[in-house]
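Novice:
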Amino acid sequence: METTTFDNDKAAQDAARVAAEQLGELTAMATPAALQRGIAIARIVAHFDPDPVALAGTLLQSLSASAPLPPHLVERHATAEVRAFAAALGRLGRLDLAAPGRDALAAPALTAAQAEALRRMLLAVVSDPRLVLARVAEQLWLLRAARSADPAERLRLAQQTQDVYGPLANRLGLAVLKWELEDYAFRYLEAEEYRRIAASLAERRADRERYIYELKLTLERELAAAGVVAEVQGRPKHIYSIWRKMTRKGLRFEQVFDVRAVRVLVDNVAQCYAALGVVHGLWSYLPGEFDDYIATPKINGYRSIHTAVVGPLGRTVEVQIRTREMHDKAELGVAAHWRYKEGGQRDVGVERKVEQLRAMLAPKRSEDDDLLDRVGATLFREHVYVFSPKGEVVELPDGATPLDFAYQVHTGLGHRCRGARIDGRMVPLDQKLVSGVTVEIVTAREPQPSRDWLVESLGFLATRSARAKVRAWFRNIDHDEHVRAGRVIVERELGRRGGGPPPPVDEVAKLLACGSAEELYLALGAGDLSGAQLGAALLRRDRALAPPTAETPGTAAHVAQESATGVRVMGVGDLLSHYARCCGPVPPEPIEGYVTLGRGMTIHRASCRNLARMRLAEPNRVLSVAWGADRDQLYPVNFTVLAFDRRGLVRDVSGVLADAKMSIERMTTETQTADRTAEMTVGVRVHDLAELDAVLARITGLADVIRVQRR
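If you count the sequence shown from 1, position 195 lands on 194 in numbering that gives the first Met the number 0, and the numbers rise without skipping.
1) Could you compute how far the alpha carbon of proline 401 sits from the alpha carbon of valine 438?
2) Given this structure, state the Cα-to-Cα distance separating arginine 474 from valine 482, to the nearest angstrom.
3) Are there 16 or more other CB atoms within 10 angstroms of the CB of arginine 129, so buried, or fewer, so exposed?
4) To test your reading of the DSSP string, which unbroken alpha helix (DSSP H) runs of 4 or more residues are found completely within the stretch 648 to 706?
5) So, with DSSP's three-state summary, where would you put tryptophan 282?
6) Measure the C-alpha to C-alpha separation of isoleucine 476 and leucine 519 and round it to an integer number of angstroms.
7) Measure how close the beta-carbons of valine 227 and valine 318 come, nearest whole angstrom, since I'm counting them as under 8 Å.
8) Helix, strand or coil: which one does DSSP assign to histidine 237?
9) Give the DSSP bridge partners of valine 277, in chain order.
10) Does the stretch 439 to 456 come into contact with the stretch 646 to 665, if we say contact requires no fewer than three beta-carbon pairs (one atom in each stretch) closer than 8 Å?
11) Helix, strand or coil for phenylalanine 386 per DSSP?
12) Go through the stretch 441 to 488 residue by residue and report every complete run of the beta strand (DSSP E) that reaches 3 residues or more, in order.
13) In angstroms with no decimal places, state the Cα-to-Cα distance between aspartate 162 and phenylalanine 638.
14) Report back the beta-carbon spacing between glutamate 391 and tyrosine 384 to the nearest angstrom; my notes put them in contact at under 8 Å.
15) What residue from Ala225, Lys215, Arg186, Val263 has the CA that sits closest to serine 240's CA?
16) Please look up how many angstroms separate the CB atoms of glutamate 664 and arginine 645, rounded, as I've assumed it's under 8 Å.
17) For a quick check, are the C-beta atoms of isoleucine 602 and alanine 642 less than 8 Å apart?
18) Run the CB neighbour count on glycine 23, radius 10 Å, all protein chains shown included, and call it buried at 16 or more, exposed below.
19) Can you list, in chain order, the residues of its chain with a C-beta nearer than 8 Å to that of leucine 281? Leave out the 5 residues immediately preceding and following it.
20) Where does serine 63 land, buried or exposed, given buried means 16+ other C-beta within 10 angstroms?
21) Starting from arginine 259, trace the beta strand (DSSP E) in both directions and tell me its first and last residue.
22) In the DSSP assignment, the beta strand (DSSP E) including phenylalanine 638 goes from what residue to what residue?
23) Thinking C-beta only, is alanine 168 closer than 8 Å to valine 44?
24) Taking the C-alpha atoms as reference points, what is the distance between lysine 389 and glutamine 138?
25) Does the beta-carbon of glycine 485 have 16 or more other beta-carbons within 10 angstroms, so that it is buried, or is it exposed?
26) Helix, strand or coil for proline 67 per DSSP?
27) For chain C, find out if any of its Cβ atoms is closer than 8 Å to the Cβ of alanine 471; answer yes or no.
28) Is it buried or exposed, lysine 177, if we count other Cβ atoms within 10 angstroms and call 16 or more buried?
29) Taking 8 Å as the threshold (C-beta atoms), are glycine 592 and histidine 577 in contact?
30) If you draw a straight line from the alpha carbon of leucine 713 to that of methionine 28, how long is it in whole angstroms?
31) Between which two residues does the alpha helix (DSSP H) holding tyrosine 520 run?
32) Please state the DSSP three-state secondary structure of isoleucine 293.
33) According to DSSP, is cysteine 416 part of a helix, a strand, or is it coil?
34) Tell me whether valine 454 is buried or exposed, calling it buried when 16 or more other Cβ atoms sit within 10 Å of its Cβ.
35) What did DSSP end up calling alanine 45 once you bin it into helix, strand or coil?
36) Between which two residues does the beta strand (DSSP E) containing leucine 395 stretch?
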């Protein structure tokens, strides 16, 4: 590889030498190879940030990684700040992507989600943004040194770089680091392609940089002559970037017009177009290679003018022209260049944190230790990112415990959890997790959750999904008790039925989609089915089997009168009536009426608890009623939907109701940010219970829905 700018940075070399002198005897104890490695990494860091603590800490950590250093000498020659920086950098070094069982020779790429989780992890675990810079600099040194390593090691480092460290350097705006990291990774992973493009360039990088330098001088002189105050920046496009563009757009090398590129920064939009006139006056432009993103910004807000020209010696050059404000937004705003390059959906929280890190790593930044502390303290408050013993990254909500981690990994692991280790140390199960730690679960041979885990005040579980899994376990464990309770409900409903012999329980079970009588008992006892649903199923069966009857016109008037609500009130004339809000009866559920004082009759489900209480107090007010013959009558019903919160949840629930042609009377949603769930309360009007059951079943089948329950 060719020499880079920071290799020749004398100020960076001097700063690294001063850091080595600061450590005194510690550097004298190190082997020549270890000292050379440490100074080389520190020199890379110093090019971007010559902070003495960061440089000495980087060097100390590198020396310590090669061979243990005597603690008393470390304490004597390194300040507390330097020791803390070195220790934090050592912890960050655990982010090695060589997962157990991964075939390094095959070098398979991580999934996009896994790579993004690791990039977030790198940002989440650091308390000082300079650590990110030091870690990326160390990765570059490892890539350089891998030229003489075995192929498996080269491929492993190259894949790590392509998955994580290249994109991370890009996000942090470390352009010089970025292109060298990517070129090394590309050279190791795609050796033939690398050599082919390098040969096509037919010139050394130094020659390309000299070409750009001379072109800049010419352009600056002509812009000044035209009265345009501008700053001209130049760069030769690196090999990996050329290959990506060729691959993404299906181009030949000759069709890549931005192998060489310059950027012109001016003060206002008018000067952008004046500069464009100067550029096109100097060199002929290539038709079809002009884009005005100032007049028509990209969808992400990016603004700039792009044009390609035939420059000196007949070589193509891309020219970008923008204001300084546009440039700042492109580098640090929501239209950041890394988001355009990497694609994917925006995460405003991640972008905001990266913007702060990039601003602090920018050259010539002002010293602002308070800002460093604030950013380090506020990184990723919303979630924690921890490791499993296999090196997998697990994302959990803030406040999660080792028990939440166990249930997130696997339900069976949570059921068998008996203890936990964090970084090898035993901790209580209610310990709050922090980002960057490794969590190991100690298990028993048999599952045995504790009912204490469900007590929120004890703090064992922070996520609703984990608590739901514990409740489900106890529900299954209490099988016999649920079966007994369900049998009582079945016997009660069959006893209420009256007339004719009761149907076999197995037949009743099939009416409710249960495979057997025991399954029916269990569902009723556990609360998955209600007695009202059983009663409605029995009523539908009896109506289907009943022979058709014909009433003589007018003869039923003295027996029952159709009410305005669509019910038949036995033995009395028409009464003002309304449906009880407490139970919301729907045909064909068994119903009864309660005569109120001054408000007519209230229609309740026969199984309503409020009705049972009122019957005990004043039995004479309870009347027998039945559903009328009006099949167009609509009845109000309320139900709740508990689901994991996600985009489009309300739309999907509304879509089910719209497909069923149900009118929505009300819909409210309450979101729990702690466990990322949402509870919706919905009010609709339905014709009968069958219509309601069908809609609730469809909503239950939606993605991320935990429970649907009628109120």
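We put the beta carbon where it would ideally sit given N, CA and C, even for glycine.
No experiment lies behind these values; they were computed from the predicted model shown.
Specialist: A quick look at the data gives this:
1) In the sequence shown, counting from the first residue as 1, residue 401 sits at position 402. In the sequence shown, counting from the first residue as 1, residue 438 sits at position 439. Spanning the alpha carbons of proline 401 and valine 438 requires a straight line of approximately 7 Å.
2) By 1-based counting over the sequence shown, the position of residue 474 is 475. By 1-based counting over the sequence shown, the position of residue 482 is 483. Looking at the two C-alpha atoms, the distance is approximately 11 Å.
3) Position 130 of the sequence shown holds residue 129. Classification of arginine 129: buried, given that the 10 Å Cβ count is 16 or more.
4) Taking only runs of at least 4 residues, the alpha helix (DSSP H) segments lying wholly in the stretch 648 to 706 are 648 to 658, 688 to 699.
5) Looking up residue 282 in the sequence shown gives position 283. Here tryptophan 282 carries a coil assignment [DSSP, helix/strand/coil].
6) As a first step, residue 476 must be located in the sequence shown, where it is residue number 477. As a first step, residue 519 must be located in the sequence shown, where it is residue number 520. Cα to Cα, isoleucine 476 sits roughly 17 Å from leucine 519.
7) Here residue 227 corresponds to residue number 228 of the sequence shown, with the count starting at 1. Here residue 318 corresponds to residue number 319 of the sequence shown, with the count starting at 1. Between valine 318 and valine 227 the Cβ distance is about 13 Å, and since that is not below 8 Å, they are no contact.
8) Working through the sequence shown from its first residue, we reach residue 237 at position 238. For histidine 237, the three-state secondary structure derived from DSSP is coil.
9) Along the sequence shown, one-based indexing puts residue 277 at 278. DSSP lists no partner for valine 277.
10) Taking a cut-off of 8 Å on C-beta distances, the stretch 439 to 456 does not touch the stretch 646 to 665, as fewer than three cross pairs fall below it.
11) For the purposes of this step, residue 386 is taken as the residue at position 387 of the sequence shown. Phenylalanine 386: strand per DSSP, three-state reduction.
12) Segments of the beta strand (DSSP E) lying fully in the stretch 441 to 488: there are none.
13) As a working mapping, residue 162 is identified with position 163 in the sequence shown. As a working mapping, residue 638 is identified with position 639 in the sequence shown. Their backbone Cα atoms lie some 46 Å apart in a straight line.
14) If you number the sequence shown from 1, residue 391 lands on position 392. If you number the sequence shown from 1, residue 384 lands on position 385. Between tyrosine 384 and glutamate 391 the Cβ distance is about 11 Å, and since that is not below 8 Å, they are no contact.
15) Along the sequence shown, one-based indexing puts residue 240 at 241. When each option's Cα is compared against that of serine 240, the closest is Arg186.
16) Locating residue 664 in the sequence shown gives position 665, counting from the first residue. Locating residue 645 in the sequence shown gives position 646, counting from the first residue. Taking the Cβ atoms as the reference, glutamate 664 lies roughly 25 Å from arginine 645, outside the contact range of under 8 Å.
17) The residue labelled residue 602 in the question sits at position 603 within the sequence shown. The residue labelled residue 642 in the question sits at position 643 within the sequence shown. Their beta carbons are not under 8 Å apart, which means isoleucine 602 does not touch alanine 642 by this criterion.
18) Your numbering for residue 23 matches position 24 in the sequence shown. A residue is called buried once 16 or more other Cβ atoms fall within 10 Å of its Cβ, and glycine 23, having fewer, is exposed.
19) Translated into the one-based positions of the sequence shown, residue 281 becomes position 282. Cβ-Cβ distances below 8 Å link leucine 281 to Thr217, Leu218, Glu221, Val308 in the same chain, with the five nearest sequence neighbours on each side left out; the list follows chain order.
20) Locating residue 63 in the sequence shown gives position 64, counting from the first residue. With 16 or more other Cβ atoms from the protein chains shown falling within 10 Å of its own Cβ, serine 63 counts as buried.
21) Numbered from its first residue, the sequence shown carries residue 259 at position 260. Note, arginine 259: beta strand (DSSP E), 259 to 265.
22) Within the sequence shown, numbered from 1, the residue matching residue 638 stands at position 639. Element bounds for phenylalanine 638: 634 to 643.
23) Locating residue 44 in the sequence shown gives position 45, counting from the first residue. Locating residue 168 in the sequence shown gives position 169, counting from the first residue. Their beta carbons are not under 8 Å apart, which means valine 44 does not touch alanine 168 by this criterion.
24) For this step, residue 389 is matched to residue 390 along the sequence shown. For this step, residue 138 is matched to residue 139 along the sequence shown. If you take the alpha carbons of lysine 389 and glutamine 138, they lie about 22 Å apart.
25) Taking the sequence shown and counting its residues from 1, the one referred to as residue 485 is at position 486. Buried.
26) Taking the sequence shown and counting its residues from 1, one reaches residue 67 at position 68. Here proline 67 sits in coil by DSSP.
27) Annotation note: the requested chain C is absent from the structure, which comprises a single protein chain.
28) Reading the sequence shown from its first residue, position 178 is the one you call residue 177. With a threshold of 16 other beta carbon atoms within 10 Å, lysine 177 meets it and is buried.
29) Along the sequence shown, one-based indexing puts residue 577 at 578. Along the sequence shown, one-based indexing puts residue 592 at 593. No Cβ-Cβ contact shorter than 8 Å links histidine 577 with glycine 592.
30) Outside the displayed span of the chain (0 to 710) sits residue 713, for which this structure offers no information.
31) For the purposes of this step, residue 520 is identified with residue 521 of the sequence shown, where counting begins at 1. In the DSSP assignment, tyrosine 520 falls within the alpha helix (DSSP H) that extends over 516 to 525.
32) What you label residue 293 is simply residue 294 of the sequence shown in a count that begins at 1. Three-state DSSP puts isoleucine 293 in coil, outside helix and strand.
33) Residue 416 sits at position 417 when you count from the first residue of the sequence shown. Three-state result, cysteine 416: strand.
34) As a first step, residue 454 must be located in the sequence shown, where it is residue number 455. Per the 10 Å Cβ criterion, exposed.
35) Working through the sequence shown from its first residue, we reach residue 45 at position 46. Helix, per DSSP.
36) Residue mapping note: residue 395 aligns to position 396 of the sequence shown, counting from 1. 392 to 396 is the extent of the beta strand (DSSP E) around leucine 395.
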